[in-house]
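UniProt numbering numbers the first residue of the sequence shown as 1 and each following residue consecutively.
Scroll down for the structure; my scribbles are underneath it.
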Amino acid sequence: MASMEPGISSSRVGDHLRSELLRLSHDIHQLIQTLETSECSVLHELEHIHQSFHDIQTATASYYLRSYLAAFTNHFEVLSVAIQHLSERNHGALIAIQREDKLEEHLHAGIPLHAELSHPLLESIFYTGNPLHDGGVLIHQDTIVSAANVLPLSENMTIRGKVGTRHRAALGLSEQTDALVLTVSEETGRATFAFGGNLYPIRTSSGLV
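Right, here's the structure in full:
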């Protein structure tokens, strides 16, 4: 699937999404039509459809991630590079980005840093063995405010056992505030963001978007 370029309008995103969904609908219709033929590889086609759904969701989520953050930090590209590198190395990460709501009262405060946001610093914080890598980083505008913060865990019973502690923490903070929380899985390297109590995948093959 063609990726959506940064900076395109929401109307063009809608047009692109509509086009991709129509294409996927055609693929599903074709599969239904050929289900009874011996030459139809159902499992292969279902895997293709599943991957297409995932690609559409990921590309769309990545576009909206940039939109959600645009007004709150000038360092989106820094975050993009950091998430890309952390994902490639399977370095677990938890990064809370403050928007309108103040976040300190929702965290068990970690180590104050008050350092300029940069991808080398973010990557070094989450490097395995760094004493700050367990816990979340708090970012406000273009500053890394603190590291090793403890975020509230989600109380949503339906996700318990389905996601790890980092993701439950990301969801927990996003349930209580308007924060956007980036995560990287230590087990798989997959990147996601939590917003409004939901998790969304991030495309990392060439950055966040």
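The beta carbon of each residue, even a glycine, is placed where N, CA and C say it ideally should be.
Under the three-state reduction of DSSP, which class applies to residue i: helix, strand or coil?
i: A82; result: helix
i: P112; result: strand
i: A169; result: helix
i: T73; result: coil
i: A2; result: With a pLDDT of 33 at A2, under the threshold of 50, the modelled position of this residue cannot be trusted, and the question is left open.
i: G207; result: Reliability of the predicted coordinates at G207 is poor, the pLDDT of 43 falling under 50, and no value is obtained from them.
i: T158; result: helix
Hey, out of the options, whose CA is closest to residue i's CA?
i: F193; options: E45, L180, I139, L138; result: L180
i: L113; options: E45, T165, V145; result: V145
i: T143; options: L21, A96, Q51, E187; result: A96
i: Q141; options: S19, L22, A70; result: A70
i: L22; options: N149, E123, F53; result: F53
i: E187; options: L43, D55, T128; result: T128
What are the boundary residues of the alpha helix (DSSP H) that residue i is part of?
i: S146; result: Per DSSP, S146 belongs to no alpha helix (DSSP H); it is in the beta strand (DSSP E), 143-149.
i: P201; result: That residue, P201, is in no alpha helix (DSSP H); its beta strand (DSSP E) goes 198-201.
i: H119; result: 119-125
Is residue i near the ligand ATP, going by C-beta to nearest heavy atom under 7 Å?
i: R89; result: This structure does not include the ligand ATP; it has no bound ligands of any sort.
Which residues bound the beta strand (DSSP E) around residue i?
i: I139; result: 136-140
i: L180; result: 180-184
i: L94; result: 93-97
i: T192; result: 191-195
- [ ] Could you say if the region 74-84 and the region 151-167 meet the contact criterion of at least three C-beta pairs nearer than 8 Å?
- [x] No: the two stretches stay apart, fewer than three of their Cβ pairs being nearer than 8 Å.
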